[in-house]
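Some notes on the structure that comes next.
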Amino acid sequence: MLTDRLRRLNRYREIASTFVKYGFGYVLEEVGLFHVLSLKDRIAADVKSGNTKEAGYRIRCMLEELGPAFIKLGQLLSIRSDMVPEEIVKELELLQDQVPPVPVDEIKEKLHHEFGRPVEDVFRYFNEDYVAAASIGQVHEALLVTGESVMVKVQRPGIIRTVHTDLEILRDIARLIEQRYEWAQYYNITDMVEELSESIRRELDYTEEARNTDMVQMQFEDCDSIKVPVVFHDFSTPQILTMEKVEGIKLNELNRTMIQDEERRRIAELLVSAFITQILREGFFHGDPHPGNILYNPEAQQLIFIDFGQVGRLSASLRYDTASMMMGIMQEDTHRIVKSIYSMAYVPSDIDDQHFYDRVDGIRKTVERSSKEGLSLGITVKELFAAAQEHRIILPKEMTMMGKALITIEGIISEIDPSLDMIELARPYGEQIMRERYDPIKMGKRLWNQAEDLTDTITNIPNQVENVLDQASKGDLKFEISLSEINRILHKFDRISNQVSFSLTLLAFSIVVLGLIVGATFGNNTILTSVPAIEVGFIIAFGMFLWIIYSILKSGRF
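Adding 437 to a residue's 1-based position in the sequence shown gives its number in this note's numbering.
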């Protein structure tokens, strides 16, 4: 336990020193973490904000140096243009996961530990020169004893402990920020870190990546134009992944080849077809489709997908709503776009529907004006999601990943051929899926499933009512009220109390006036009666009456 605390404290200091190194020491002071710096770093820290023009670049370099958890955080923030300035977003989109390689002796020791036998007993040949080195894993070429050429991804020694420590620190920082800033509560920073933690934990388990690879392979088993490497499960563990070796050109290197324009267009159409199929038909898609994870084999004319550590999953209902939203974008139908977003997300009860509709309509009109110049589907979806988040509409996290994937794919297509329009490429596939949706047989199945769900709901109503009554009789019945609902309740209480105050004030004013009149009528002829008490009293009482009424009306809660 003490060792864990010391390691965490040391990591805190490393992170703090890196913040200072890149000119963000003032961030530590703002959130109350300045004390974790050593005296030397405190003296060196510049607690003033740096040059904003360079801020995005410095943030990117800092996150790359801090390691996988922070790199993934940057990638998550790169699709949140609603909370991060556009200049910084552009830099975060360039985040690279390239680090110095692990010495080959440590790699072989890791393989020995995982397989329980020497490397020579597992591989006929193991290339000591690495193919790729990332912050989580390192890839080497090898030849199995059974004769197959493979790529072996080996998890870095100690990386799980480092990542878990970093995630705990990010949780601490998120809580501190939420305690200090209302905007952090608005954007649910702690929830964002939890989402990040869950994503990284899945990525650290190579067994899950192997399952993901198998599932995507099944999606395209009948398509000769798309290939997914075969996983050798007998030579894989939670920290070792052995896959079939594939040959191909990275899509961002196509410009260096002599591939003709017609073939480039075919590659782009194949890419769009694959992702529309994954997102709208299968509901299981590549969550990190950057150019290094997609290859093209000119000889076999195959598109090759690799590295399924991050995948997105869409339920049947989300696929339905996503298809509707995309068709709404393509058909310039604002009503359909808004309806699909409302259907897929949590919408607060006090949302300004007209304002949100106008915001979406403005984005849609921008799409319409830009369509002749080549529209960005990914950016359009991103803007729609940003508008939703501005109105406190909570979208499923899967939709955020989908938006990121679309933007990445669109960037790849523009590199292949800047004249290509993803919306035009996607339109035929979207229309085909919409036609399939309205197939009478499929509609009948959906109606039957909905009828079954409705029957189950009606059948369970008596039991649910009985449970509620039982909880009420025991005093265990609880109500959950959101912050917006509490504000509305308090607003109503203010209105009721102001109305009561108004009535009491009016009654008191009437009594005072009546008392003055009675006193003047039946009183004796004294010094006091010679004073114009009725007039004076009436003026004072009427002035107080007007002041109270003005205060109530000014509050706007009457």
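Just so it is clear, CB atoms sit at the ideal spot from N, CA and C, and this is done for glycine as well.
- Separation of GLU852 and GLY511 (C-alpha to C-alpha, rounded to the nearest whole angstrom) is 23 Å.
- Excluding sequence positions up to five before and after HIS727, its CB lies within less than 7 Å of the CB of THR845, all in the same chain and listed in chain order.
- Going by beta carbons, ALA506 and VAL600 fall inside the 8 Å limit.
- In the structure shown, the three-state DSSP call for ARG796 is helix.
- Between the beta-carbon of VAL526 and that of GLN575 there is about 30 Å, and that puts the pair past the 8 Å contact cut.
- Within a 10 Å sphere around the beta-carbon of ALA753 sit fewer than 16 other beta-carbons, which makes this residue exposed.
- Counting along the chain, the unbroken alpha helix (DSSP H) around PHE822 starts and ends at 814 to 827.
- By the Cβ-count criterion, GLY765 is buried, with 16 or more other Cβ atoms from all chains shown falling within 10 Å of its own Cβ.
- Here GLN622 carries a helix assignment [DSSP, helix/strand/coil].
- With respect to GLU700, ASN734 sits apart: the two C-beta atoms are not nearer than 8 Å.
- According to DSSP, GLU578 shares a beta bridge with MET588.
- Residue nearest to MET838 within the set ARG450, LEU740, GLY720 is GLY720 (criterion: CA-CA distance).
- Leaving aside the five residues that flank ILE831 on each side, the residues in its chain whose CB is nearer than 7 Å to its CB run, in chain order, ALA782, TYR783.
- In the DSSP assignment, GLY749 falls within the unbroken beta strand (DSSP E) covering 748 to 750.
- Residue burial annotation: ASN730 is buried, with at least 16 other C-beta atoms found within 10 angstroms of its C-beta.
- Secondary structure note for ARG702: it is in no beta strand (DSSP E), and the uninterrupted alpha helix (DSSP H) holding it is 698 to 713.
- One Cα belongs to LEU641, the other to ILE610, and the distance between them is close to 23 Å.
- Look at the beta carbons and you see the segment 541 to 553 not touching the segment 659 to 669: under three pairs across the two are nearer than 8 Å.
- With a beta-carbon spacing of about 7 Å, ALA571 and VAL536 fall inside the 8 Å limit used to define contacts.
- With fewer than 16 other Cβ atoms inside 10 Å of its own Cβ, LYS802 counts as exposed.
- Unbroken alpha helix (DSSP H) stretches of 4 residues or longer found wholly inside the segment 634 to 681: 643 to 656, given in chain order.
- In this structure the segment 779 to 798 touches the segment 815 to 833; the number of beta carbon pairs closer than 8 Å is three or more.
- For GLY749, same chain residues with a beta-carbon under 7 Å away, outside a window of 5 residues either side, are PHE722, GLY724, GLU835, MET838, MET839, ALA842 in chain order.
- Segment contact: the segment 672 to 690 against the segment 846 to 865, three or more CB-CB distances shorter than 8 Å; contact assigned.
- Distances from the CA of ASN649 to each of GLU619, VAL457, LYS911, MET680 were compared; the closest alpha carbon is that of MET680.
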